[in-house]
Each structure stands twice: as C-alpha cells, then as structure tokens.
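Just below is one structure, and these are the notes that go with it.
2 protein chains.
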Amino acid sequence: MYKVYGDVYSGNCYKVKLLLHQLAKPYQWIDIDILKQESRTSEFLTKNPNGKIPVLEYAEGRYLFESNAIMYFLSNGTNFLPIDTLECAQVLQWLFFEQYSHEPNIATSRYLIRYLNGAEKYKEVLAEKRPRGYAALDVMERHLTKHPFFVGDKYSIADIGLYAYTHVADEGGFDLSKYSAIPAWLERVKSQPNYIEMG
Amino acid sequence: MYKVYGDVYSGNCYKVKLLLHQLAKPYQWIDIDILKQESRTSEFLTKNPNGKIPVLEYAEGRYLFESNAIMYFLSNGTNFLPIDTLECAQVLQWLFFEQYSHEPNIATSRYLIRYLNGAEKYKEVLAEKRPRGYAALDVMERHLTKHPFFVGDKYSIADIGLYAYTHVADEGGFDLSKYSAIPAWLERVKSQPNYIEMG
C-alpha cells in the first residue's frame, strides 16, 4: 500500500490525498509536522534529500517527492491525465506555473499568516507577494473565462494542482470575490466524484 | 517548423535550445528582450498569459509555455525521456525541484547580478538566496555522488533542466569548487552528442 508523508493542511500534501481518494486507491497517511522540523531529520532526508513534504513511499523504502511529480505518477494511465502528449504537456505547463508563479506567493503567504501567525511580522514580505499572487490568479481567471477546466475542457491533475492553494487563498489574504471564473471553477472541482475537503 | 521565443542567455530558454539541437530538430529562434518588457506586451501575452519566456510555437498560432513542460513535449518518445512511468515521474520530480528550489535562488541571483548589474543594490535579497541556492546544490551533489545522471543512470531532460543554471551558477555568485560530483557531472553533460554552449 502507498504511504504518504504529509501535513493535512498543506495544499501540496492535499493534492496527493485528493487524487488518491478520487482514484479510490488505499494509502496510509503519516503525519509530518514541519514546524517541529520533522521533515529535516536525517531519517526523513533519506526519503527526500530536499526536506519537504509530501513524499510518496510507492514501494518499501522507495520514495518519490514533489507533489506534482507524485500526481503525475499516480494519475498516469487514468482519466486524471490526458494520454495525448500535447495535452499532457499542457497539464505540466499549468503545474509548473503553479509551482513557480502561484505557490511561492499564495501558499507562502498563507503559511506565514496561518502557520507562523506572522501577518504583522512578515508584513513586508507579504506586501511583495500580494501583487505576484494576484497576477497568478489573473492568469487563471483569463484562462477559466474561456475554459471549464485547465486542459482539454476536462478535469485533470492540472485542476487539482491549482485548486489546492486557490481554494484557501483567503487564508493567505487574497480576496477572490473580484473574480468570477475562478469561483465558478472552484465549484466545478468541488462537485467532482469522490471529492474530499482539505484536512 | 517550431518557433522559440526566448533570450539566448536565459537558462530556461537555453534548455529548449540545447534539447532541440540534441534532437536535431530545426527551429526558428525569435529574440525577446525581457529588459525592454517585450514579454509583457499585449501581443506577447496572447502567447503566454504569464508573460515569461521561453514560449514554444508548436503550430501556427499555438503556444506552449514553461521551459520544463516544453522539454517534456519535445522529448516524449525520444531517448531524452524515459518510457517507464516511474522514471518519467522521477524526471519530473527533479524538474519541479529545479523550478522550486534551484531556479528561484541560483538563476534569480544571476539575473540580479548579470542582467540588472545589481550586486550592491540587491545585496540583502542575494544574501537570502545564497544559503537556499547552496542547499539545492547540496541536494544535487548528494545525488550525483551515487549516480552519473539524475534518473536511471542515463542522460535525460532532468539533466538538461538542472544543467542550464548550474553551469553558470558562478555568475550568480555561487562557488562550485567545494563540490566534486557536480563538476564531474557538468563535464558529462558537456560531452553529450550535439551539445552546444549557451549563447
């Protein structure tokens, strides 16, 4: 059985959990508390030398890290990843966009505010991340105005990847009420079969 | 014929150029000057709504963005991407590591120093990025001590992705002389058939 090392309130970990539920794959969840440095122990570094969660133990003592790579691995050959090479590359395009332009601004803001209770302490960092996070949301809004989902008009891991931190963007200080296509898309994701809430 | 919109001194663009050369695929290169905001014009935003390079025009008026997604698209079905799902996911694992933990520290430092001539002006930002960049290099060193390449002991787009900014890390103020496995790997990449220099 798969083992997932993660934190149930981390969006990156939630991606893997949501996908496993939607795939109806059994798994064991092992809680890792990053605030207690549990992802930085020498034992954990043998699982992921980069010291981050989630990590998937796909076979005894064999590990895969990076949430979006784990989703690729789990979804390959299923309805959650297109077979067509171009469409698959488009899924990856949106997942790389997520990790480079979305997560470091929206997820990190949420982390500073929610996990570290640092709205005041990290005021300047948060102020820098704000316009960059909205820029990423603007890119999503623009795309979703014309398409029901990110790739091929069909729900895929690209949607799961972007949903994870977008649906809790308010916890990072982002106001989604100025958007219309994004909230409608969030509802479409929530209405997918076997959807589960974060947590 | 493919068209690539890019900057020949950008590592992200170089990834695509190096791969196209090694695949012996003809392409047209269109220079985009990011310092002149050429990636932010309304016309360019129709190619990549996120306003970044490189962009691949894979068919007339059809675009793919994000360097690592472009590499996936171009290398699928070739020797540069494993067929095995797990190995392919491991390639992606390293490419997501590159975009999240390596590029924002090493490439961005190089950008601030080399493109913006801002070693003094961005002193504090650079000081923050320094340990994070070295942490990414440490992860690479650790892996390369045991493996000749990143995945399956074979050259792949994971190596191209990590080579792009590692081989010019000195321009971002990173000293590679304390490593041994990384320099040896850089030489292995340089000795691959149809290798071309950045520029």
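Residue numbers (the working numbering), protein chains in the order written: chain A, -10 to 188; chain B, -10 to 188.
Virtual Cβ for every residue (Gly too), placed ideally from N, Cα, C.
Around the Cβ of residue i, are there at least 16 other Cβ atoms within 10 angstroms (buried) or fewer (exposed)?
i: M129/A; result: buried
i: H91/A; result: buried
i: N57/B; result: buried
i: K6/B; result: buried
i: D159/A; result: exposed
i: L20/B; result: The question names Leu, yet the displayed sequence has Asp at residue 20/B. When all chains shown are included, D20/B counts as exposed.
i: D(-4)/B; result: buried
i: Q26/B; result: exposed
i: E87/A; result: buried
i: Q82/A; result: buried
i: A108/B; result: exposed
i: S145/A; result: buried
i: I185/B; result: exposed
i: S28/A; result: buried
i: G66/B; result: exposed
i: H132/A; result: buried
i: P137/A; result: exposed
For residue i, would you say it is in contact with chain B, using Cβ-to-Cβ distances shorter than 9 Å as the test?
i: Y89/A; result: yes
i: I185/A; result: no
i: I149/A; result: no
i: I59/A; result: yes
i: V(-3)/A; result: no
i: H10/A; result: no
i: V128/A; result: yes
i: N68/A; result: no
i: A125/A; result: yes
What span of residues does the alpha helix (DSSP H) with residue i cover, start to end?
i: Y152/A; result: 146 to 155
i: R119/A; result: 112 to 135
i: Y193/B; result: Here chain B covers residues -10 to 188 and nothing more, so residue 193/B does not appear.
i: I95/A; result: 92 to 99
i: R177/B; result: 170 to 179
i: L75/B; result: 74 to 86
i: F139/A; result: Note, F139/A: premise wrong, no alpha helix (DSSP H); not H, not E.
i: L34/B; result: 31 to 36
Output yes if chain A places a C-beta closer than 9 Å to the C-beta of residue i; else output no.
i: F54/B; result: yes
i: H156/B; result: no
i: P93/B; result: yes
i: T74/B; result: yes
i: F62/B; result: yes
i: H132/B; result: yes
Looking at C-alpha atoms only, which residue of the options is the closest neighbour of residue i?
i: G162/B; options: N1/B, S28/B, L53/B, A116/B; result: A116/B
i: Q79/A; options: Y47/B, I95/B, A124/B; result: Y47/B
i: H10/B; options: A96/B, S90/B, F69/B; result: F69/B
i: W174/B; options: Y154/B, D148/B, D164/B; result: D148/B
i: G50/A; options: G66/A, F33/A, N57/A, G40/A; result: F33/A
i: K118/A; options: L133/A, L105/A, S98/A; result: S98/A
i: G188/A; options: Y(-9)/A, Y152/A, Y3/A, Y(-6)/A; result: Y3/A
i: A153/B; options: K(-8)/B, V(-7)/B, G0/B, S145/B; result: G0/B
i: K41/A; options: R177/B, F85/B, G(-5)/B; result: F85/B
i: I23/A; options: L75/A, Y89/A, Y100/A; result: Y100/A
i: S64/A; options: L12/A, W18/A, L126/A, R131/A; result: L12/A
i: Y(-2)/A; options: V157/A, Y168/A, A125/A; result: V157/A
i: Q17/A; options: T155/A, P43/A, K167/A; result: P43/A
i: K143/B; options: Y123/B, N183/B, E76/B, I171/B; result: E76/B
i: V178/B; options: D164/B, G122/B, I95/B, F139/B; result: F139/B
i: V114/B; options: T155/B, E55/B, D127/B, I95/B; result: I95/B
i: Q181/A; options: L8/A, T155/A, V(-7)/A, E55/A; result: L8/A
i: F54/B; options: Y89/B, I72/B, K(-8)/B; result: K(-8)/B
i: D127/A; options: S169/A, I102/A, Y89/A; result: S169/A
i: S166/A; options: L151/A, K135/A, Y123/A, G141/A; result: Y123/A
Which two residues bound the contiguous beta strand (DSSP E) that contains residue i?
i: F54/B; result: 51 to 54
i: E46/A; result: 44 to 48
i: D20/A; result: 16 to 20
i: V(-7)/A; result: -9 to -5
(request) Taking only beta carbons into account, state which residues of the stretch 15 to 48 of chain A come closer than 7 Å to chain B, listed in chain order. (result) P38, N39
(request) Quick one: which residues of the stretch 76 to 88 of chain B get their C-beta closer than 9 Å to a C-beta of chain A? List them in chain order. (result) C77, A78, Q79, V80, L81, Q82, W83, L84, F85, F86, Q88
(request) Note down, in chain order, all residues in the stretch 100 to 122 of chain A with a beta-carbon under 8 Å from any beta-carbon belonging to chain B. (result) none
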